[in-house]
Amino acid sequence: MSLFAVLPAMADEAEKKTSDESKQEEKPITIDGVFESLSSHEISADSEQIDSYVIKRILPHGSTVKKDAAVVWFETKEIDEKISKAEFDLALAKLALEEAEFSFEQFREQQELDRKTAELTRKEARLAYDNFVNVDREQQIKAAEVQLKRSQESLEYAQEELNQLEKMYQEDDLTEESEEIVLKRARRAVEQAEYSLELTKTRTQRTLEQTIPSQMEKQESELARAELAFTKAIQDLKNARVKRDIERRRQQKEFDKQQADFKQLQAERRGFVLTSPSDGLVYHGELTRGKLGDKASSLQAKSKVTSRQVLATIVQPERLRIIADLSEEQRGKVDVGMKGTAIPKAFPELKIPVSIQSIAKVPYASNKIECVVVIKGKINNADLVPGMSCSIEFEKADKE
1 MSLFAVLPAM ADEAEKKTSD ESKQEEKPIT IDGVFESLSS HEISADSEQI DSYVIKRILP
61 HGSTVKKDAA VVWFETKEID EKISKAEFDL ALAKLALEEA EFSFEQFREQ QELDRKTAEL
121 TRKEARLAYD NFVNVDREQQ IKAAEVQLKR SQESLEYAQE ELNQLEKMYQ EDDLTEESEE
181 IVLKRARRAV EQAEYSLELT KTRTQRTLEQ TIPSQMEKQE SELARAELAF TKAIQDLKNA
241 RVKRDIERRR QQKEFDKQQA DFKQLQAERR GFVLTSPSDG LVYHGELTRG KLGDKASSLQ
301 AKSKVTSRQV LATIVQPERL RIIADLSEEQ RGKVDVGMKG TAIPKAFPEL KIPVSIQSIA
361 KVPYASNKIE CVVVIKGKIN NADLVPGMSC SIEFEKADKE
């Protein structure tokens, strides 16, 4: 085959390949999405005092409700018993608080008496010390000296009397027997005065050198003890007052909390019927990115639920948007503003114009990036409701 015959064949093959690649590039991008209500409200039993509830009645899944209409009713027997018990407990706590207030007033009065007693004891110790230092000590010294002087004078008087008797008896005519008796008595008086003087000297010396210094030391010690006892008593009174005041405030705080809990329990009792915050459809359970759970909700009468558990979601079917998941491969092929067509899987004949409103910057799960798609115009099908799925086709070059 000649070269001129081969060249046209190669050109046709290259042209065909380019045409196939062009068609492949022009193939629309298709992603799956879920219709989501632009306005939805979750309903749950928001409670601080109650951990669990028993459903008495709940509207069927898919029911149409008006604003403020009842959606969920709970059994009230358990909370009514709890309120009754809390009411009695609160009454007892109030009595205990009143008793504590009365006891605190008595405590304050008793503390004032104890403080005055401590001050009086210290005052008496100070007076005793001052009296001894300023008066009693000098009087004891003076008394000892006077006693010693009197003993010396008594000896002098006895000795003088003996001397006078001896001189007198030498000059008169009395018998020797009479003289001997009188002189004997006088000599004994002198001896007694001498002995008394010795005792007085000993007592005086002990008083001045031992008794008075010992009493002085004792008075100083008693005064120091009294000062320490007063300081300790005042500190103990202060500590007891602070401790009692802390206990009183703690009891008051506990009562206030108990009272607040009781009022909150009463308020939560009024919330045992959950109502709808808006018009819409009742969906049992919680929606995740516009999607219903894979399994149907089991909520019904007698079902036990917990506080803050989402029991129902009120959705408005009139205003919808689409929540779609992009893979990492798809993310590079779409952009914000790109227009497309949404085709509900339930109604394939329905073609809904849409455009991409936003694309998340980071994945929310592995290989899943959230994409929000807005609907252009009005949907002409009342049977299309939130939670239904669709496929969306985007033309790669078609952007707003």
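Numbering (the working numbering), first residue to last: 1 to 400.
Quick reminder that beta carbons are idealized off the backbone N, C-alpha and C, glycines included.
Residue closest to LYS287, alpha-carbon to alpha-carbon, out of GLN210, VAL72, GLY387: In the sequence as presented, Lys is not what sits at residue 287; that position holds Leu. Nearest option by C-alpha distance: GLY387.
Nearest to GLN192 (by Cα), restricted to the options LYS232, GLN111, SER151: Out of LYS232, GLN111, SER151, SER151 has the C-alpha closest to the C-alpha of GLN192.
Cβ separation of LEU326 and ILE31, assumed to be a contact under 8 angstroms, to the nearest whole Å: Going by Cβ atoms, the distance from LEU326 to ILE31 rounds to 6 angstroms, so yes, they are a contact pair.
Opening and closing residue of the alpha helix (DSSP H) in which ASP335 lies: ASP335: not part of any alpha helix (DSSP H); DSSP gives it neither H nor E.
Reduced DSSP category for ARG187 - H, G, I as helix; E, B as strand; rest coil: DSSP places ARG187 in helix when its eight states are reduced to three.
Where ALA118 falls, given that 16 or more other Cβ within 10 Å makes a residue buried: buried
One or two residues paired with GLY280 in a DSSP bridge: VAL65
Residues sharing a beta bridge with GLU36, DSSP: Under DSSP, the beta-bridge partners assigned to GLU36 are ARG321.
Segment contact flag, the stretch 62-81 with the stretch 349-358, C-beta cutoff 8 angstroms, min 3 pairs: no
Nearest neighbour of ILE323, chosen from VAL305, ARG289, LYS304, VAL273 [CA to CA]: ARG289
Close-in-space but distant-in-sequence residues of the same chain around GLY340 (CB under 6 angstroms, 5 per side omitted): VAL354, ILE392, GLU393, PHE394
Where VAL133 falls: helix, strand or coil (DSSP): DSSP places VAL133 in helix when its eight states are reduced to three.
Paired residues, beta bridge with TYR53 - DSSP: Its beta-bridge partners are VAL305.
Collapsed DSSP secondary structure at GLU48 in the structure displayed: coil
For ALA224, the first and last residue of its enclosing beta strand (DSSP E): Where ALA224 is concerned, there is no enclosing beta strand (DSSP E), although the alpha helix (DSSP H) it sits in stretches over 212-270.
Residue environment, ILE50, which counts as buried when at least 16 other CB atoms sit within 10 Å: buried
Candidates PRO344, PRO277, ASP261, SER196: closest to GLU48 by CA position: ASP261
N- and C-terminal bounds of the beta strand (DSSP E) containing PRO353: 352-359
Sheet register partners of LYS368 (DSSP bridge): ALA365
Residue span of the beta strand (DSSP E) that contains ALA312, given as start and end: 310-315
Helix, strand or coil at THR204 according to DSSP, with G and I counted as helix: If DSSP states are grouped into helix, strand and coil, THR204 belongs with the helices.
C-alpha gap between PHE104 and ARG250, whole angstroms: 13 angstroms
Nearest candidate by alpha-carbon position, reference ARG319, set GLN219, GLY33, LYS378: Of the listed residues, the one whose Cα sits closest to ARG319 is LYS378.
Validate contact between the stretch 337-351 and the stretch 289-299 using beta carbons, cut 8 angstroms, 3 pairs: no
Length of the line joining the Cα atoms of LEU155 and GLN215: 31 angstroms
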